[in-house]
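Written out below as structure tokens is the structure these notes cover.
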Amino acid sequence: MIANVLASVAAYENEVRSERILAGQEAARAAGKRWGGSAKGRRVKVTEEQAETIHRLREERKAVAAIARAVGLSRPTVYSVLADAPSGNGCQ
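Residues 53 to 144 (the numbering used here) make up the sequence shown, in order.
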């Protein structure tokens with residue numbers, strides 16, 4: 053019987069917590085808050101100079117790992133920059 057009472061209290065607390073979460077989310081939406089990541093295609097980590105260096109080093113036939121070490125970015129980020137236009141458009 054005690055286990056049933058404790059289970060009921062736990063279920064009630066879960067319900068109250070979910071209601072508080074939903075109320076907080078609604079209040080945040082009403083205040084104009086957004087969440088869920090940055091805009092698609094936005095790249096804050098890569099500067100224009102880094103993008104130019106990446107393209108220059110790639111033209112010199114350097115390995116992607118060496119380029120990543122030289123500019124201080126990850127290999128996937130370097131590959132992403134290389135997939136863009138050679139002018140480096142879209143980098144911030």
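Note that the Cβ used here is the ideal one computed from N, Cα and C, for glycine as well.
How would you write the range of the alpha helix (DSSP H) that residue i sits in, first residue to last?
i: Ser61; result: Note that residue 61 is Val in the sequence shown, not Ser. Looking at the DSSP string, the run of the alpha helix (DSSP H) that includes Val61 is 54-82.
i: Leu125; result: No alpha helix (DSSP H) holds Leu125; DSSP gives it neither H nor E.
i: Ala115; result: Careful: Ala115 lies outside any alpha helix (DSSP H) and carries neither H nor E.
Residue i: which of the options sits nearest, CA to CA?
i: Thr105; options: Asn56, Ser70, Ile119, Lys92; result: Ile119
i: Glu101; options: Ala75, Glu65, Gly124, Lys85; result: Gly124
i: Asp136; options: Leu74, His107, Gly88; result: His107
For a quick check, are the C-beta atoms of residue i and residue j less than 9 angstroms apart?
i: Leu109; j: Ala122; result: yes
i: Val61; j: Ala103; result: no
i: Thr129; j: Lys97; result: yes
i: Trp87; j: Ala79; result: no
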